[in-house]
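This report concerns only the one structure given below.
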């Protein structure tokens, strides 16, 4: 096509609200144009790029045995109410009503829809396993959209959902998806790391995020240049390197959880970590017996519960359950004892 017949909408100036280089270049090259906060129009050149990326994803998903479907963006509220996520999802879920005052949502994800479809269409175990995916528009009402299309309210996402009879079958599909994602990033020639991540509200025991290494972004990961280890700082585990001494301890008194996992205002647990390190709330909340979200005590409560504060705390006198970081102890469990600790120098600690 001749350029005289093409919409090539480049611009010389960079808008003041374009903070990161990718956002700036996409605007100046005429790939996208901002319509409203977190909402962008894909111009012809940008759409060609978007379609090329989608086709790479589609090809690798098909090779991995997944089957493409397309589900509605608008979803009935009763599906979300059935799973409990109508209330749990929070303000990012855009709720709307039709002319008959029936509740709907603009889909931020499609677990409810795909589950409804499968329970109606799959009638025999012989039809399993099955892996279904789509490339579809999503909407999440982000509180502060930024970085152009990196953190928008409306975006295109590939989401896949698989159904299995056994854990072994599930693991096979997980491994196939892991391999497919690696091939997708390799075909795009991106420097990436698959990292262990927190499963969040979706749940599950294993999760990986694929991060492209860049100066712009919001997540921090811990990774090794000498191995394939990589993890989100929320889940990065300690690794012993060589002997060293712990230079002091710090203590955090946190509210305990009752048998139902709810905060127990009358009971506490003590979290112990090395001086100079920052407590990772997400890791702490995953500990059995610790209330989530994490609730920490003030100095007055610490003194009342432990009989001391700061460096005056003696673990031998502590009467509440104690959880110690690997840096300072191997396993205190529910018995507190005071011994001189010789620890190792541990990597992947979030330093303060």
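In the working numbering, the protein residues as written are 2 to 353. The C-beta atom is built at its ideal place from N, Cα and C for all residues, glycine as well.
{"Item": "Inter-residue spacing [alpha-carbon to alpha-carbon] between residue 307 and residue 256", "Value": "13 angstroms"}
{"Item": "heavy atom of the ligand FAD below 8 angstroms from residue 260 C-beta", "Value": "Ligands displayed in this structure: none; no statement on the ligand FAD is therefore possible."}
{"Item": "CB of residue 373 within 9 angstroms of CB of residue 325, strictly", "Value": "Past the boundaries of the shown model lies residue 373; the chain is included only from 2 to 353, so the question cannot be answered."}
{"Item": "Where residue 343 falls, given that 16 or more other Cβ within 10 Å makes a residue buried", "Value": "Because residue 343 carries a pLDDT of 42, less than 50, the predicted location of this residue cannot be relied on, and the following value inherits that uncertainty. Exposed is the call here."}
{"Item": "Inter-residue spacing [alpha-carbon to alpha-carbon] between residue 9 and residue 24", "Value": "17 angstroms"}
{"Item": "Sequence ranges, alpha helix (DSSP H) only - wholly within the stretch 216-293, length at least 4", "Value": "282-286"}
{"Item": "Residue 186 (DSSP reduced to helix, strand or coil)", "Value": "helix"}
{"Item": "Local Cβ density within 10 Å of residue 323, reported as buried at 16 or more and exposed below that", "Value": "buried"}
{"Item": "Burial state of residue 162 (16 or more Cβ within 10 Å)", "Value": "buried"}
{"Item": "For residue 290, the nearest candidate out of 275, 221, 147 and 266 (CA to CA)", "Value": "266"}
{"Item": "Nearest-angstrom Cβ-Cβ length linking residue 109 and residue 140, presumed shorter than 8 angstroms", "Value": "6 angstroms"}
{"Item": "Residue 76: first and last residue of the uninterrupted alpha helix (DSSP H) it sits in", "Value": "Taken as a continuous stretch (DSSP letters only), residue 76 belongs to no alpha helix (DSSP H), being part of the beta strand (DSSP E) at 75-77."}
{"Item": "C-alpha gap between residue 176 and residue 304, whole angstroms", "Value": "50 angstroms"}
{"Item": "Whole-angstrom distance between residue 77 and residue 117, CA atom to CA atom", "Value": "11 angstroms"}
{"Item": "Classification of residue 145 by the beta-carbon crowding that lies within 10 angstroms, buried from 16 upward", "Value": "exposed"}
{"Item": "Residues near residue 184 in its chain [Cβ-Cβ closer than 6 angstroms; skip 5 each side]", "Value": "61"}
{"Item": "Residue 57 vs residue 47 beta-carbon contact at 9 angstroms", "Value": "no"}
{"Item": "Spatial neighbours of residue 194 in its chain, beta-carbon cut-off 8 angstroms, leaving aside the 5 residues before and after", "Value": "211, 212, 214, 222, 224 and 231"}
{"Item": "Residue 233, buried or exposed, once every other Cβ within 10 Å from all chains shown has been counted against 16", "Value": "buried"}
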